[in-house]
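Student: Sharing a structure with you now.
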Amino acid sequence: MDRFPKATARSAFIEALSRDGALIIEGMLDPIRLEALRASIQAEAALRAAGPEGGPRYWQTFHGAHTKRFTGIGLLSEVFFDLLEDEVLAGIADALLKDSGPQYWMNTCQAMIIGPGEPAQTLHRDGDNWSSVMQHGWPDCPELTVSMILALEDVDAAVGATRVIPGSHQWPDYERVGQSDETMPAELAAGDALIYSGKVIHGGGENDTQDRWRWALHLSFVVGWLTPEEASTQIYSAEALQNRSDRVKRLLGFSAFNPYPGRGGRLWLKNFEPW
């Protein structure tokens, strides 16, 4: 995977994503905002137990018995909204999701804090959330989702750096899931970010340390005509977002979806009217 400074031209990002399905942006978040975000997430994490609250065994394993996950990051830190409006991240999402039209949702923003003793996560594609769509026309189907893993502290292979199989977004066989020896760890300095296509195979790495946690934040976007993972309208209120930008309102589900100039009808309406 290629590494780029944040000031790199967007075209270089898109070229790398087209070729490898993933890249690393160094210095994605500045130190002041990084510290504020990290402090907020670490304070919330201290109140939460590791592991899922229940559900099918597969999802318990996927979540991780030694991993802490939580959403609602905008309730904890103003930096969440800065990330939603980040011009570099927005530019990448705009370019990758352009086939769906100019609008998309936030899929989810969640802390992903991998604890000591956590085995490697099942390799997967983020687009598997909508596999019935993604399999249609694979691998030439449009991009459905694009994701970022932001390092809140330095992340190395030992603590569970996300492992990626570059080029797997172009594999002819959708059912091929890949093997661990085909992956490479996305090691990040604090403030760096892994950006990757929803088609690329990846998974959280094993944390084989005794006392170190992997502090990271996941943020992803999904095309506007699919259901996102996080129910943002159940977390944020219209009143809390009334002074936010149109982009933030749309990302969090507080405005209608208009596919123009793409094809399709208006969605997410009130009384058949956009809002």
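Numbering (the numbering used here), first residue to last: 798 to 1072.
Don't be surprised by glycine CBs; every beta carbon is placed ideally from N, CA and C.
From residue 922 to residue 838, what distance separates their C-alpha atoms?
Tutor: Within the sequence shown, numbered from 1, the residue matching residue 922 stands at position 125. Within the sequence shown, numbered from 1, the residue matching residue 838 stands at position 41. C-alpha separation (whole angstroms): 26 Å.
Student: What does DSSP give as the partner residues of residue 993 in its beta bridges?
Tutor: Walking along the sequence shown from the start, residue 993 turns up at place 196. Partner(s): 819, 944.
Student: When the Cα of residue 936 is compared with those of 862, 950, 998, 968, which residue comes out closest?
Tutor: Sequence index remark: in the sequence shown, residue 936 carries index 139 (1-based). Comparing Cα positions, the closest option is 968.
Student: Any idea what DSSP makes of residue 803, helix, strand or coil?
Tutor: Reading the sequence shown from its first residue, position 6 is the one you call residue 803. Residue 803: coil per DSSP, three-state reduction.
Student: Taking C-alpha atoms, which residue in 974, 945, 906 lies nearest to residue 959?
Tutor: Here residue 959 is taken as the residue at index 162 of the sequence shown, counted from 1. Among 974, 945, 906, the Cα nearest to that of residue 959 belongs to 945.
Student: Quick one: what's got a C-beta closer than 6 Å to residue 802's C-beta in the same chain, skipping five residues either side?
Tutor: Taking the sequence shown and counting its residues from 1, one reaches residue 802 at position 5. Excluding positions up to five away in sequence, the list reads 823.
Student: Going by C-alpha to C-alpha distance, which of 920, 883, 1045, 819 sits closest to residue 858?
Tutor: Stepping through the sequence shown from its first residue, residue 858 is reached at position 61. Comparing Cα-Cα distances from residue 858 to each of 920, 883, 1045, 819, the minimum goes to 920.
Student: How big is the Cα-Cα spacing for residue 943 and residue 889?
Tutor: Sequence index remark: in the sequence shown, residue 943 carries index 146 (1-based). Sequence index remark: in the sequence shown, residue 889 carries index 92 (1-based). Answer to the nearest angstrom: the Cα atoms are 8 Å apart.
Student: Short check: CB of residue 799 to CB of residue 826, under 8 Å?
Tutor: By 1-based counting over the sequence shown, the position of residue 799 is 2. By 1-based counting over the sequence shown, the position of residue 826 is 29. Not a contact, by the Cβ cut-off of 8 Å.
Student: Around the Cβ of residue 1072, are there at least 16 other Cβ atoms within 10 angstroms (buried) or fewer (exposed)?
Tutor: In the sequence shown, the residue the question calls residue 1072 occupies position 275. The residue in question, residue 1072, is exposed, as its Cβ has fewer than 16 Cβ neighbours within 10 Å.
Student: When the Cβ atoms of the region 979 to 988 are set against those of the region 950 to 959, are three or more pairs found closer than 8 Å?
Tutor: Output reads yes: the region 950 to 959 touches the region 979 to 988.
Student: For residue 1017, which residues does DSSP report across the bridge?
Tutor: Along the sequence shown, one-based indexing puts residue 1017 at 220. Residue 1017 pairs with 905, 944.
Student: Counting contacts by CB-CB distance shorter than 8 Å, is residue 918 in contact with chain C?
Tutor: Included in the structure is just one protein chain, with no chain C present.
Student: For residue 971 and residue 1040, I'd like the C-alpha separation in whole angstroms.
Tutor: Locating residue 971 in the sequence shown gives position 174, counting from the first residue. Locating residue 1040 in the sequence shown gives position 243, counting from the first residue. Using only the alpha carbons, I get a separation of about 43 Å.
Student: Output needed for residue 901: all residues of its chain with C-beta closer than 7 Å, excluding positions within five of it in sequence on either side, in chain order.
Tutor: As a working mapping, residue 901 is identified with position 104 in the sequence shown. Correct list, in chain order: 890, 894, 1018, 1019, 1020, 1021.
Student: State the start and end residues of the unbroken beta strand (DSSP E) segment that holds residue 865.
Tutor: The count along the sequence shown starts at 1 and reaches residue 865 at position 68. Taken as a continuous stretch (DSSP letters only), the beta strand (DSSP E) holding residue 865 covers 864 to 867.
Student: Start and end of the alpha helix (DSSP H) containing residue 968?
Tutor: Position 171 of the sequence shown, counted from the first residue, corresponds to residue 968. Per DSSP, residue 968 belongs to no alpha helix (DSSP H) and is neither H nor E.
Student: Kindly indicate the opening and closing residues of the alpha helix (DSSP H) around residue 1036.
Tutor: To locate residue 1036, count along the sequence shown from 1; it is residue 239. First-last of the alpha helix (DSSP H) with residue 1036: 1035 to 1038.
Student: On the criterion of 16 or more Cβ atoms from any shown chain inside 10 Å, does residue 877 qualify as buried, or is it exposed?
Tutor: As a position in the sequence shown, residue 877 is number 80, starting the count at 1. So residue 877 ends up on the buried side.
Student: Once the 5 residues before and after residue 896 are set aside, which same chain residues still bring their CB inside 6 Å of it?
Tutor: Start at 1 with the first residue of the sequence shown, and residue 896 comes out as number 99. Same-chain partners within the cutoff: 939.
Student: For residue 1015, does the count of other Cβ atoms within 10 angstroms reach 16, so buried, or fall short, so exposed?
Tutor: Stepping through the sequence shown from its first residue, residue 1015 is reached at position 218. So residue 1015 ends up on the buried side.
Student: Note down, in chain order, each residue of its chain lying with its Cβ closer than 8 Å to the Cβ of residue 1004, except the 5 sequence neighbours on either side.
Tutor: For the purposes of this step, residue 1004 is taken as residue 207 along the sequence shown, with counting starting at 1. Here the set comprises 863, 911, 912, 913, 914, 915, 955, 956, 957, 1010, 1011.
Student: Are the beta-carbon atoms of residue 1049 and residue 1029 separated by less than 8 Å?
Tutor: The residue you call residue 1049 lines up with position 252 of the sequence shown. The residue you call residue 1029 lines up with position 232 of the sequence shown. Contact: yes.
Student: By DSSP, does residue 927 sit in helix, in strand, or in coil?
Tutor: Within the sequence shown, the letter at position 130 stands for residue 927. Helix, per DSSP.
Student: Apart from the five residues just before and just after residue 979, which ones in its own chain have a Cβ nearer than 6 Å to its Cβ?
Tutor: The residue given as residue 979 occupies position 182 in the sequence shown. 962, listed in sequence order.
Student: Buried or exposed: which applies to residue 872, given that a residue is buried once 16 or more other Cβ atoms fall within 10 Å of its Cβ?
Tutor: Indexing the sequence shown from 1 puts residue 872 at position 75. Per the 10 Å Cβ criterion, exposed.
Student: Quick one: residues in its chain with C-beta nearer than 7 Å to the C-beta of residue 866, no 5 flanking neighbours on either side, listed in chain order?
Tutor: Here residue 866 refers to the residue found at position 69 when the sequence shown is read from its first residue. Closer than 7 Å at the Cβ level, and outside the excluded window around residue 866, lie 860, 907, 908, 909.
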